[in-house]
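A.B. asks: Line by line, the protein sequences give chains A and B.
1 is the number of the first residue of the first sequence in full-length UniProt numbering; add one for each residue after it.
1 is the number of the first residue of the second sequence in full-length UniProt numbering; add one for each residue after it.
There are 2 protein chains.
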Amino acid sequence: MGEVKVMSGKRILMLVGDYVEDYEVMVPFQALQMVGHTVHAVCPDKVAGDSVRTAVHDFERDQTYSEKRGHNFTLNATFTEIDPTTYDALVVPGGRAPEYLRLNSRVLEITKHFGETQKPIAAICHGLQLLAAAGVLAGKTCTAYPACGPEVVSAGGKFTNVAVDAVVVDGNLVTAPAWPAHPQWLAAFLEVLGTKISHQPSAAL
Amino acid sequence: MGEVKVMSGKRILMLVGDYVEDYEVMVPFQALQMVGHTVHAVCPDKVAGDSVRTAVHDFERDQTYSEKRGHNFTLNATFTEIDPTTYDALVVPGGRAPEYLRLNSRVLEITKHFGETQKPIAAICHGLQLLAAAGVLAGKTCTAYPACGPEVVSAGGKFTNVAVDAVVVDGNLVTAPAWPAHPQWLAAFLEVLGTKISHQPSAAL
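#1: Just checking: is the beta-carbon of residue 30 of chain B within a distance shorter than 9 Å of some beta-carbon in chain A?
#2: Is the CB-CB distance between residue 88 of chain B and residue 10 of chain B below 9 Å?
#3: DSSP on residue 148 of chain A, reduced to helix/strand/coil?
#4: With a threshold of 9 Å between beta-carbons, can residue 141 of chain B be considered close to chain A, or not?
#5: Which residue spans inside the segment 77-165 of chain B form an unbroken alpha helix (DSSP H) run of at least 4?
#6: Counting only the same chain and skipping the five closest in sequence on each side, list residues whose C-beta sits under 7 Å from that of residue 18 of chain B.
#7: For a contact defined as C-beta to C-beta under 8 Å, what are the partners of residue 200 of chain B on chain A?
#8: I'd like the list of long-range same chain contacts for residue 197 of chain A, defined as Cβ closer than 7 Å, with 5 residues on each side in sequence excluded.
#9: Once DSSP output is grouped into helix, strand and coil, what is the label at residue 25 of chain A?
#10: For my contact list, residue 152 of chain A and residue 137 of chain A are in at a C-beta cut-off of 8 Å; report their separation, rounded to the angstrom.
#11: Under 9 Å between C-beta atoms, does residue 10 of chain B make it to chain A?
#12: Using a Cβ-Cβ cut-off of less than 9 Å, give me the residues of the segment 66-85 of chain A that come near chain B, in sequence order.
#13: Along chain A, which residues have their Cβ under 9 Å away from the Cβ of residue 136 of chain B?
#14: Among B:179, B:132, B:163, which one has its Cα closest to the Cα of residue 156 of chain B?
#15: If you draw a straight line from the C-alpha of residue 161 of chain B to the C-alpha of residue 164 of chain A, how long is it?
#16: Could you pull the start and end residues of the alpha helix (DSSP H) that residue 192 of chain B belongs to?
#17: If the cut is a Cβ gap below 7 Å, which residues of chain B does residue 208 of chain A touch?
#18: Mind checking if residue 158 of chain A is an interface residue toward chain B, Cβ cutoff 9 Å exclusive?
#19: Suppose the cutoff is 8 Å on Cβ atoms and the five residues either side in sequence are ignored; what does the same chain contact list for residue 1 of chain A look like?
#20: For residue 31 of chain A, does the three-state DSSP call read helix, strand or coil?
#21: Going by alpha carbons, who is nearest to residue 29 of chain A out of B:113, B:125, B:183?
#22: List the residues of chain B that residue 36 of chain A touches, going by C-beta distances under 7 Å, in chain order.
#23: Once the 5 residues before and after residue 159 of chain A are set aside, which same chain residues still bring their CB inside 6 Å of it?
#24: Nearest-angstrom Cα distance between residue 6 of chain A and residue 55 of chain B?
#25: Select from the segment 120-131 of chain B all residues with a C-beta closer than 7 Å to any C-beta belonging to chain A, and list them in chain order.
#26: For residue 77 of chain A, collect the residues of the same chain with a Cβ closer than 7 Å to its Cβ; drop the 5 residues on either side in sequence, then sort them by chain order.
#27: Is any beta-carbon of chain A found at less than 9 Å from that of residue 166 of chain B?
#28: Going by other Cβ atoms of all chains shown within 10 Å of its Cβ, with 16 needed for buried, is residue 61 of chain A buried or exposed?
#29: Please confirm whether residue 94 of chain B and residue 179 of chain B have their CB atoms less than 9 Å apart.
#30: Would residue 45 of chain A and residue 73 of chain A qualify as a contact pair, given that the criterion is a beta-carbon distance under 9 Å?
#31: Check the Cβ-Cβ distances between residue 190 of chain A and every residue of chain B, and say whether any is below 9 Å.
#32: Would residue 134 of chain B be called buried (16 or more neighbouring beta carbons within 10 Å of its own) or exposed?
#33: In angstroms, rounded to a whole number, what distance separates the CA positions of residue 122 of chain B and residue 67 of chain A?
#34: How would you call residue 171 of chain B, buried or exposed, if buried means at least 16 neighbouring beta carbons within 10 angstroms?
#35: Looking at residue 13 of chain A and residue 130 of chain A, is the spacing between their C-beta atoms short of 9 Å?
#36: Going along the chain, which residues of its own chain have a beta-carbon closer than 6 Å to the beta-carbon of residue 33 of chain B, five neighbours each way excluded?
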């Protein structure tokens with residue numbers, strides 16, 4: 001005690017909105033908390049305790065994803081009260097939310113803060129639409145849902161087409177094409193965040 | 001190098017079926033892989049690469065959960081090929097799958113193996129129906145989706161009614177009422193599995 005300085009988990013901000021993808025909001029929200037991080041999910045015009053509707057985006061042999069109605073996802077922080085300078089990292093899930101969230105100037109300002117300060121940013125699927133609109137992709141190698149590639153390129157990003165379960169890391173930026181990549185995408189994000197994991201014998205045996 | 005013996009992640013089996021709950025199958029499947037565990041999801045009569053349909057169970061002010069159609073979840077192992085003795089732990093998600101999976105004698109045998117050997121078992125929501133049918137709850141303090149409480153009690157379990165986001169741990173058994181408990185439930189499961197987490201400064205800064 002006193003000899004070992006224990007660092008606590010990081011403070012992570014998530015930008016979400018109605019029809020955020022069902023898995024892409026909940027898996028990072030819960031998995032990052034599982035390992036001790038604090039995650040605050042916010043949405044413009046909503047407060048802590050409000051919910052957003054999620055969309056189930058799946059790949060069912062159509063030319064692009066299918067959509068069904070998912071869960072309601074409960075926000076745990078209030079958009080107007082958050083100060084991005086108090087957060088260590090940003091997560092931007094996909095679905096149909098980023099397409100319209102990028103019209104909100106405060107959302108863009110918040111996103112720019114993480115880009116300018118080189119704080120870790122994890123974005124997946126259509127989440128890259130928001131990063132493109134905020135101008136934080138210039139010169140950055142990244143991936144996204146392939147149909148968003150043209151927007152990434154227009155914003156000066158170096159779009160890389162990778163397997164649907166692969167991750168691309170460029171400095172503070174951790175990106176992936178869609179939710180099948182969650183394990184690899186989140187493992188890479190943990191590495192950038194400085195989260196270390198080790199395995200011991202099972203405690204129950 | 002050579003001085004430190006690094007233990008690898010554990011081998012974890014998941015028992016799933018059609019209409020397993022959408023979040024309850026994917027969040028543990030991906031979050032446990034995120035921290036380096038191997039997770040094999042299997043379903044009777046299906047093989048690796050097949051999928052099960054998921055159910056979105058939500059709480060929308062009705063007397064019990066609502067159900068919508070979720071994603072398709074791809075299995076990554078073949079039921080007839082798995083040997084439970086080669087796995088370190090078991091995960092049983094909820095939804096409507098456990099109600100009928102408990103009619104399968106091989107599913108019950110597999111579940112009994114983890115109970116008899118005191119290997120870690122994480123079950124959530126209706127997953128407790130399967131543990132009750134397999135006879136592994138006798139004398140165990142646990143929780144479940146509250147409507148499953150009578151089955152837990154009939155099977156000799158000590159049912160505890162806890163908040164929807166709380167976890168109950170009794171030795172090797174880690175249980176929770178439903179998916180809002182995932183962060184707490186999975187953090188407790190990691191502790192039983194021997195997974196250690198520490199936080200360092202962000203690598204990107």
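We treat Cβ as the ideally placed atom computed from N, Cα and C, and that holds for glycine.
Quick caveat: nothing in here was measured; it's all calculated off a predicted structure.
C.D. replies: If we stick to the structure as given:
#1: Residue numbering aside, residue 30 of chain B sits at position 30 when the second sequence is read from its first letter. For residue 30 of chain B, the answer is yes, since a Cβ of chain A falls inside 9 Å of its Cβ.
#2: Along the second sequence, one-based indexing puts residue 88 of chain B at 88. Along the second sequence, one-based indexing puts residue 10 of chain B at 10. Yes, these two residues count as a Cβ contact at 9 Å.
#3: Reading the first sequence from its first residue, position 148 is the one you call residue 148 of chain A. Looking at residue 148 of chain A - three-state DSSP - the assignment turns out to be helix.
#4: Residue numbering aside, residue 141 of chain B sits at position 141 when the second sequence is read from its first letter. Chain A contact via Cβ: absent.
#5: 97-101, 105-116, 127-133, 149-154
#6: Walking along the second sequence from the start, residue 18 of chain B turns up at place 18. Within the same chain, residue 18 of chain B has close Cβ partners 52, 53, 97.
#7: By 1-based counting over the second sequence, the position of residue 200 of chain B is 200. Ordered by position in chain A, the residues that pass the 8 Å Cβ test against residue 200 of chain B are 7, 194, 195, 196.
#8: In the first sequence, residue 197 of chain A corresponds to position 197, counting from 1. Cβ neighbours of residue 197 of chain A beyond the five flanking positions: none.
#9: Indexing the first sequence from 1 puts residue 25 of chain A at position 25. Reduced to three states, the DSSP call for residue 25 of chain A is helix.
#10: Numbered from 1 along the first sequence, position 152 holds the residue referred to as residue 152 of chain A. Numbered from 1 along the first sequence, position 137 holds the residue referred to as residue 137 of chain A. Yes, they are in contact, since the Cβ atoms of residue 152 of chain A and residue 137 of chain A sit about 6 Å apart, within 8 Å.
#11: Residue 10 of chain B sits at position 10 when you count from the first residue of the second sequence. It does; some Cβ of chain A falls within 9 Å.
#12: 68, 69, 70, 71, 72, 74
#13: As a first step, residue 136 of chain B is located in the second sequence; it is residue number 136 there, counting from the start. Result: empty, since nearest Cβ-Cβ is about 13 Å, beyond 9 Å.
#14: Within the second sequence, numbered from 1, the residue matching residue 156 of chain B stands at position 156. Minimum Cα distance to residue 156 of chain B is reached at B:132.
#15: Indexing the second sequence from 1 puts residue 161 of chain B at position 161. Indexing the first sequence from 1 puts residue 164 of chain A at position 164. For residue 161 of chain B and residue 164 of chain A, the distance between alpha carbons rounds to 41 Å.
#16: Mapped onto the second sequence, residue 192 of chain B falls at position 192. Segment 182-193, the alpha helix (DSSP H) holding residue 192 of chain B.
#17: Because chain A in this structure spans residues 1 to 205, residue 208 of chain A falls outside the shown range and cannot be described.
#18: As a working mapping, residue 158 of chain A is identified with position 158 in the first sequence. Residue 158 of chain A does not count as touching chain B.
#19: If you number the first sequence from 1, residue 1 of chain A lands on position 1. Because residue 1 of chain A carries a pLDDT of 44, less than 50, the predicted location of this residue cannot be relied on, and the following value inherits that uncertainty. Taken in chain order, the list of residues that qualify is empty.
#20: Your numbering for residue 31 of chain A matches position 31 in the first sequence. Three-state DSSP puts residue 31 of chain A in a helix.
#21: The residue you call residue 29 of chain A lines up with position 29 of the first sequence. Looking at the Cα atoms, B:183 is the closest of the given residues.
#22: Position 36 of the first sequence holds residue 36 of chain A. Here the neighbours are 197, 199.
#23: Counting from one through the first sequence, the residue named residue 159 of chain A turns up at place 159. Excluding sequence neighbours, residue 159 of chain A sits near 149, 152, 153.
#24: Along the first sequence, read from residue 1 onward, the residue named residue 6 of chain A stands at position 6. Along the second sequence, read from residue 1 onward, the residue named residue 55 of chain B stands at position 55. The straight-line gap from Cα to Cα measures roughly 41 Å.
#25: 120
#26: On the first sequence, residue 77 of chain A is found 77 positions in, with the first residue counted as 1. Excluding sequence neighbours, residue 77 of chain A sits near 40, 41, 42, 48.
#27: Here residue 166 of chain B is taken as the residue at index 166 of the second sequence, counted from 1. Not a single CB atom of chain A sits nearer than 9 Å to the CB of residue 166 of chain B.
#28: As a working note, residue 61 of chain A is residue 61 in the first sequence. An exposed status is given to residue 61 of chain A, since fewer than 16 other beta-carbon atoms sit within 10 Å of its beta-carbon.
#29: For the purposes of this step, residue 94 of chain B is taken as residue 94 along the second sequence, with counting starting at 1. For the purposes of this step, residue 179 of chain B is taken as residue 179 along the second sequence, with counting starting at 1. Result yes, Cβ atoms of residue 94 of chain B and residue 179 of chain B sit closer than 9 Å.
#30: Residue 45 of chain A sits at position 45 when you count from the first residue of the first sequence. Residue 73 of chain A sits at position 73 when you count from the first residue of the first sequence. Not in contact: residue 45 of chain A and residue 73 of chain A (Cβ atoms no closer than 9 Å).
#31: Residue numbering aside, residue 190 of chain A sits at position 190 when the first sequence is read from its first letter. Yes, contact with chain B.
#32: By 1-based counting over the second sequence, the position of residue 134 of chain B is 134. With 16 or more other Cβ atoms within 10 Å, it is buried.
#33: Within the second sequence, numbered from 1, the residue matching residue 122 of chain B stands at position 122. Within the first sequence, numbered from 1, the residue matching residue 67 of chain A stands at position 67. The straight-line gap from Cα to Cα measures roughly 31 Å.
#34: For this step, residue 171 of chain B is matched to residue 171 along the second sequence. With fewer than 16 Cβ atoms within 10 Å of its Cβ, residue 171 of chain B is classed as exposed.
#35: Translated into positions along the first sequence, residue 130 of chain A becomes position 130. Translated into positions along the first sequence, residue 13 of chain A becomes position 13. Cβ distance not < 9 Å, so residue 130 of chain A and residue 13 of chain A don't count as in contact.
#36: Position 33 of the second sequence, counted from the first residue, corresponds to residue 33 of chain B. Around residue 33 of chain B: 39.
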